[in-house]
Amino acid sequence: RIEQELYQRYVQANGAPPAIVLYDVTSSDFEGACNELAHYGYNRDGKKGKLQIVIGLLSGADGEPLAVRVFEGNTADPSTVSTQIERLKQQFGVTEVVFIGDRGMLKAQGKAALGAAGWRYISALTKPQIRALLTAGVLQPDLFDDDIGEVIQEDKRLITRRNPALQRRLRARRADKLQRLDALIAARNAFVRQSTRADPAAGLRQLEDWVKRHKLHGFVTLSLEQNQIQCTIDQEPLDEVALLDGCYVLETTVPAATLDRQTVDARYRDLQQVERNFRTMKTDFLEVRPIFLRNGERTKAHVFVAMLALKITRRFQSLLHQAFGTTADDPRTLTPEDALQALSRLTYLIYDVKGRRYARLIQPD
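Below is the structure:
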């Protein structure tokens, strides 16, 4: 009922129902081992060995939260999409919308459900999918040299782009990993030369695990020669990996007459707003985790209250930006943290004068 009321206010403020919705999920871990919704699953915060729930947040194109749902902790991301479609149709009465989800969210099942509902979507392809399209000749490497390219595949549009900043960052990171590997190999070889009890094969296994963990195994091969570890880099697979540095491909069923390729790219990048919402809910302000509840309905209520607090926080930040600008305009501007600290100093001063008590609220700074 509260979501419905807030949704109607959102529609009135914007003059129309949302034409685009953003959707993403996150997880939140528990303290304890007794919760009706808690299960072990893929933990997005890297906290292994903790029970968790999965939280799905549905937002407007501007990032404004519309609805939140809690799923059991072992629920796969794509299987939550159909639930959100039903919410949009039944709860909010949305009849046509562009649904935007990331590459891990909108799999074949979710895309089929959106198609059955008569809705369009924008999502991204995985690197293996992009390589398969390059191999099949549907995409060509020079498409990524343009600002934003486009290819039609059956009833879908494929939008191609290369992010130069991301490309430089990925290549610098890979070069740093290879440099660290050289240092580890040199240290291990020096240790083997100096110790008669060292096991060269054990060192090789450890470094092979390191290479695999840092995703270098596709083009790096380690071997033992006279008890010394040697590193061989296969240039052809390395060039193949580097070919897609900074590249991504968006897949959409939205007609070009509705959204051009630049707008499709911009709307997909709006998903960053949902990620910022999760960051606000989980760490920056609201700290929805850890969860100390057992009952499933109370757990859902806990997350729902966090979404309401998120809406207040977004409004608070918007008004602060209108009044004082952002840190991009002035690094010394008033931040939400500063404002909350100032509000915490608003207290009543109580005076006793000739047997009568007076209360005075101090002026805000």
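Position one of the sequence shown corresponds to residue 14 (the numbering used here), numbered consecutively onward.
For each residue, glycine too, the CB sits at the ideal point set by N, CA and C.
With H, G and I counted as helix, E and B as strand and the rest as coil, what does DSSP make of residue i?
i, result
"aspartate 37", "strand"
"arginine 302", "coil"
"histidine 227", "coil"
"lysine 120", "coil"
"glutamate 163", "strand"
"phenylalanine 112", "strand"
"phenylalanine 43", "strand"
"lysine 18", "Checking the displayed sequence, the identity of residue 18 turns out to be glutamate instead of lysine. Residue state, collapsed to three classes: helix."
"lysine 169", "strand"
"aspartate 343", "coil"
"threonine 326", "helix"
"lysine 60", "coil"
In the DSSP assignment, what residue or residues form a beta bridge with residue i?
i, result
"threonine 245", "Thr234"
"glutamine 136", "What sits at residue 136 in the sequence shown is serine, not glutamine. Per DSSP, Glu264."
"arginine 174", "Tyr261"
Report the residue from the options whose alpha carbon sits nearest the alpha carbon of residue i.
i, options, result
"glycine 62", "Ser92, Asp37, His52 and Asp252", "His52"
"serine 357", "Leu374, Val366 and Arg370", "Leu374"
"isoleucine 246", "Val233, Gly338, Asp378 and Leu256", "Val233"
"alanine 185", "Gly28, Arg327 and Ala255", "Ala255"
"isoleucine 68", "Phe43, Thr39, Gly76 and Asp75", "Thr39"
"serine 72", "Val366, Ala199 and Asp283", "Asp283"
"aspartate 42", "Tyr364, Val316 and Ala355", "Val316"
"leucine 237", "Leu220, Phe291, Leu251 and Thr148", "Leu220"
"glutamine 376", "Tyr361, Arg100 and Arg369", "Tyr361"
"threonine 271", "Arg311, Leu191, Ala319 and Arg170", "Arg170"
"glutamine 275", "Ser331, Cys260, Ser92 and Arg174", "Arg174"
Can you tell me whether residue i is buried or exposed? The criterion is at least 16 other CB atoms within 10 Å of its CB, across all chains shown.
i, result
"lysine 124", "buried"
"valine 366", "exposed"
"lysine 228", "exposed"
"asparagine 10", "Given a span of 14 to 378 for the chain in the structure shown, any question on residue 10 remains unanswerable."
"arginine 206", "exposed"
Would you kindly report the start and end of the unbroken beta strand (DSSP E) that includes residue i?
i, result
"proline 78", "78 to 85"
"serine 72", "65 to 73"
"threonine 339", "Premise fails: threonine 339 is in no beta strand (DSSP E) and is neither H nor E."
"alanine 372", "369 to 374"
Taking the alpha helix (DSSP H) that residue i falls in, what are its first and last residues?
i, result
"leucine 194", "177 to 207"
"alanine 352", "349 to 357"
"valine 94", "94 to 99"
"leucine 50", "Segment: none, leucine 50 is in no alpha helix (DSSP H) and carries neither H nor E."
"tyrosine 364", "No alpha helix (DSSP H) contains tyrosine 364, which is instead part of the beta strand (DSSP E) from 361 to 366."
"phenylalanine 291", "284 to 292"
Compare the C-beta of residue i with all C-beta atoms of chain C and state if any pair is closer than 8 Å.
i, result
"glutamate 109", "The structure shown contains no chain C, having only a single protein chain."
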